[in-house]
Every structure is written in structure tokens, then in C-alpha cells.
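According to the working numbering, the sequence shown holds residues 531 to 876 in order. First the structure, in the form of C-alpha cells, and then the observations on it.
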Amino acid sequence: MFKSAILYRLAPEWTPPSLDAFEDALARERFEPCRATESRSAGWVEPRGREHGALVESIDGQLVASLRTETRAVPASAIKDALEERLQRVEDETGARPRGKRRKELKEEVVVDLLPRAFSKFSTTRIWIDPSARLMVVGAGSIARADEAVGMLMQCLRAIDNPFAATLVNTATAPSTGMSIWLSEREAPAGFSIDRECELRQAQAAGAAGTTAQGDEGPTAAQQAAESKATVRYSRHDLDIDEIVAHIAQGKVATKLAMTWRDRVSFVLDSSLCLKRIELLDVVLEAVDAQAGQGEDDGFDADVAIMTAELGRLVPELIDALGGERVAAETAADAPAGDAGADGAR
Numbered sequence: 531m532f533k534s535a536i537l538y539r540l541a542p543e544w545t546p547p548s549l550d551a552f553e554d555a556l557a558r559e560r561f562e563p564c565r566a567t568e569s570r571s572a573g574w575v576e577p578r579g580r581e582h583g584a585l586v587e588s589i590d591g592q593l594v595a596s597l598r599t600e601t602r603a604v605p606a607s608a609i610k611d612a613l614e615e616r617l618q619r620v621e622d623e624t625g626a627r628p629r630g631k632r633r634k635e636l637k638e639e640v641v642v643d644l645l646p647r648a649f650s651k652f653s654t655t656r657i658w659i660d661p662s663a664r665l666m667v668v669g670a671g672s673i674a675r676a677d678e679a680v681g682m683l684m685q686c687l688r689a690i691d692n693p694f695a696a697t698l699v700n701t702a703t704a705p706s707t708g709m710s711i712w713l714s715e716r717e718a719p720a721g722f723s724i725d726r727e728c729e730l731r732q733a734q735a736a737g738a739a740g741t742t743a744q745g746d747e748g749p750t751a752a753q754q755a756a757e758s759k760a761t762v763r764y765s766r767h768d769l770d771i772d773e774i775v776a777h778i779a780q781g782k783v784a785t786k787l788a789m790t791w792r793d794r795v796s797f798v799l800d801s802s803l804c805l806k807r808i809e810l811l812d813v814v815l816e817a818v819d820a821q822a823g824q825g826e827d828d829g830f831d832a833d834v835a836i837m838t839a840e841l842g843r844l845v846p847e848l849i850d851a852l853g854g855e856r857v858a859a860e861t862a863a864d865a866p867a868g869d870a871g872a873d874g875a876r
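This is the structure in C-alpha cells:
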């Protein structure tokens, strides 16, 4: 159900609408394929995958919705060739090669003409809402894609006078700091174990390029930029080694770390508190198979119930391992002026 998870905290005053009202809200933006001249389309589809089914599912009090996105892109080489042909034709007819605004207009015409023949790419972003925990989990691999789905959900619920605010979960200890500490101390937090993959990057050096205290020339801006991008990756490798401790002591920080929670769920944590490559382990999968075989449905209910139950326990323990959640007032006080997003999302 979820391969990636980005965590949002819902405002305490928000109450979800009734299922019928929720359904009506999402139906306003039901997915429609791209029209001939459109390069992108997004809308809600049935999480269960059954045509003309419900757009929002409620299973054991957990709400699930799915946003589908279609994108069509014309290869740059095709645009270049078609545009050159059109420019040459105009030049032959008029004696002048189009430039500036006219060239831009011709390029736009070329893209519109080629779009109907472009291949479509589809992606689905699943949203899970746990009203009692005020938690929303978006199954996206990037915050930008997650924010897009959350923004569309906000828009739909605002249309039925049920607006809500959601902010990214922000922990007291930054994920990079926490992961670096666990690696340097060679000890995972309670309930977690460190697996065999991590990424370390050079932390941004304090101070600007210039001269040293002794008057010698310091590193150039280019050298500093190269150092700031220095990255070390370990894959399928024991991470309990002196080399990693030395890297961290020399200024690198962990930006990705593979972990397992209570021998039940494995994942890769990154510096933005995004969980990637989420995988239920054997002890959980056996329970999924057992539950799926007990009913006559397609197994969707069992998948949702077990995945949300596991993540519903994992997420609070992960937040605790990172020092707990920072309250909104602290986050706002630390943020630069003008950082707040629409409806409190960021």
C-alpha cells in the first residue's frame, strides 16, 4: 500500500466530514484523462481500484484516498526537429527567419501539435488519514509531490466548507542529526535496528571563503562547493565500523539510513523525515495472508488495516526517537518571515 511515506500533522480543531460529504468533495475533481492538447491531468480515483467505486474508503476508522496523475511530455529532440522544419518553411515563404516572440509562438504550436502523439505516464499518490491521531501520511517519494496531493485535498474540502490545515511533522532532533548520532554511537534507538545501507554527506562549512587566521588563502568558493557535495554511500555493508565514525567526526552527516522497526517493518529514513522503500517483513506478511483468506473481498481491507496498524505504531516511536515533535509555535518562531504556506501547509 505504501512504499514511501511523508508525514503531516493535522490541526486539532479539524473534524473529517461524513463519508458521503467526503465522497462528494473528491468527486468534484475526479480523474479525467488528458485531452488532446493537455500535457497534464490530476484527479481522484477509487483506492480499491474498482471502476465507479468509492473515492474515499473508511477501514477501521482509517480514511484512504488516491490521487492519479497523468503527464505527457514530447521529447525535446522531436520538438527541436519539428520547430526547425517550421522555422525553415516560414523563412522560405517570407525571406526572414522568425525570432523572439514569433519563434516562441511557433514552438508552442509545435508542442500542441505533437502532444496527442506523446506517450502518457501515470502515477498514483495514496493518502491515509488517521483522524484520532491527527496524522496524515502521503505515499510520495518527494515533499513536492506530497504537497501537491495535500493541496488538492485542501481545495476539495474547502469547496464543501470543511477546510483543514496540515503541516509536515517536525521533530525536535533533525533526522540527519539523529541518524548521525546513532551511527557514531553504534546504537539504534529503542525498538529499531540499523541495517546495511547509509549515505553520508559533508555538512555545509560555517563561514565564507576567504583567508585563514594566519593570512594564508583559504579554499575558493568552488572548492567549498565541491567539499559540500562530498558524499559517501554504503550499500549491503556492515555499518558498525570505525570508518563511518571517522567520517562523521570529520564533518559528514547521515542523510539516509536503512533501518528496521521491531523486526516488522524495514525502511530507509532520509534527512527530510521521509520513509522510503517501506517493506513489511515476514511476520507481518503472514498476518496479511491469514486475514486476506478470511473474507470474500479482494484483500484491500486487510492490506489497509495491517499497513496502517504497523505504521500507526512505527511513526510515534520514530518521532520519539528523534526527541519528540516540535510544537507549531516553536516551528513558526524558527522559520524565516513569509515561510508559511497556504492553509498552514509547508
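Note that beta-carbon positions come from the ideal geometry of N, C-alpha and C, so glycine has one too. This one's a predicted model, so the numbers in the text were calculated from it and none came from an experiment.
Neighbourhood of residue i by C-beta distance below 7 Å, restricted to the same chain and skipping five residues each side
i      : result
Gln744 : Note that Gln744 scores a pLDDT of 41, beneath 50, so its modelled location is shaky and nothing firm can be said.
Glu559 : Gly573, Trp574, Met682 and Cys686
Arg627 : Leu617 and Glu621
Asp554 : Ile690
Gly671 : Ser534 and Lys806
Pro563 : Ser571 and Glu600
Pro646 : Ala566
Glu840 : Arg794, Val795, Leu810 and Val814
Leu613 : Leu636, Lys637 and Val640
Gly853 : Thr701, Ala702 and Thr703
Leu803 : Leu537, Val699, Thr701 and Pro705
Arg763 : Glu729
Whether residue i touches residue j by CB criterion (7 Å)
i      : j      : result
Arg602 : Ala648 : yes
Ala733 : Val783 : yes
Met837 : Met531 : yes
Glu809 : Ser796 : yes
Arg726 : Arg766 : yes
Pro846 : Pro661 : no
Ala663 : Val680 : no
Ala676 : Ile536 : yes
Trp791 : Phe694 : no
Phe561 : Arg598 : yes
Residue range of the alpha helix (DSSP H) that includes residue i
i      : result
Thr703 : Segment: none, Thr703 is in no alpha helix (DSSP H) and carries neither H nor E.
Leu687 : Ile673 to Arg688
Asp554 : Leu549 to Ala557
Val620 : Ala606 to Thr624
Glu638 : Gly630 to Leu644
Val834 : Phe830 to Ala851
Residue i classed as buried or exposed, judged by whether at least 16 other C-beta atoms fall within 10 angstroms
i      : result
Pro705 : buried
Ala720 : exposed
Phe652 : exposed
Gly708 : buried
Val857 : exposed
Leu787 : buried
Leu729 : Reading the sequence as shown, one finds Glu at residue 729 and not Leu. Buried, by the Cβ-count rule.
His777 : buried
Cys606 : The amino acid occupying residue 606 in the given sequence is Ala; Cys does not appear at that position. So Ala606 ends up on the exposed side.
Gly737 : Summary for Gly737: the model assigns pLDDT 37, below 50, so the residue's position carries little reliability, and this model does not support an answer.
Asp746 : Legend: pLDDT at Asp746 = 47, less than 50; position of this residue unreliable, no value from coordinates given.
Asp550 : exposed
Gly630 : exposed
Thr655 : buried
Ser710 : buried
Thr624 : exposed
Ala832 : buried
Beta-carbon contacts of residue i that lie in its chain and below 8 Å, excluding the five residues immediately before and after
i      : result
Glu576 : His582, Gly583, Ala584, Leu585 and Ser596
Glu855 : Arg539, Val699, Asn700, Thr701, Ala702 and Ile849
Arg578 : Ala584, Glu587, Asp828 and Phe830
Ile609 : Lys637, Val640, Val641 and Leu644
Ala851 : Gly708, Pro719, Ala720, Gly721 and Phe722
Pro542 : Arg664
Ser650 : Pro563, Cys564, Glu600, Thr601 and Arg602
Ala779 : Ser714
Chain-order list of residues whose beta-carbon lies under 6 Å from that of residue i (same chain, five-residue window excluded)
i      : result
Ile659 : Leu593 and Met666
Ile774 : Leu713
Thr761 : Arg731
Arg716 : Asp770
Arg668 : Correcting the residue identity first, residue 668 is Val in this sequence and not Arg. Counting only Cβ-Cβ distances below 6 Å, and skipping sequence neighbours, we find Ile536, Ile657, Ala676 and Ala679.
Phe877 : Outside the displayed range of the chain (531 to 876) lies residue 877, so it cannot be described from this structure.
Endpoints, beta strand (DSSP E) assigned at residue i
i      : result
Thr478 : Nothing can be reported for residue 478: it is not among the residues displayed for the chain, which extend from 531 to 876.
Ser653 : Ser650 to Asp660
Leu805 : Leu805 to Leu810
Ala663 : No beta strand (DSSP E) holds Ala663; DSSP gives it neither H nor E.
Gln592 : Gln592 to Arg602
Arg578 : Counting along the chain, Arg578 falls outside any beta strand (DSSP E), and DSSP gives it neither H nor E.
Ser723 : Phe722 to Gln732
Thr697 : Ala696 to Leu698
Leu540 : Ile536 to Leu540
Glu587 : Val586 to Ile589
Minimum Cβ-Cβ distance from residue i to chain C less than 7 Å
i      : result
Thr701 : In the structure shown, chain C cannot be found, because there is only a single protein chain.
Going along the chain, which unbroken runs of the alpha helix (DSSP H) with 4 or more residues stay wholly within the stretch 762-794?
772-779
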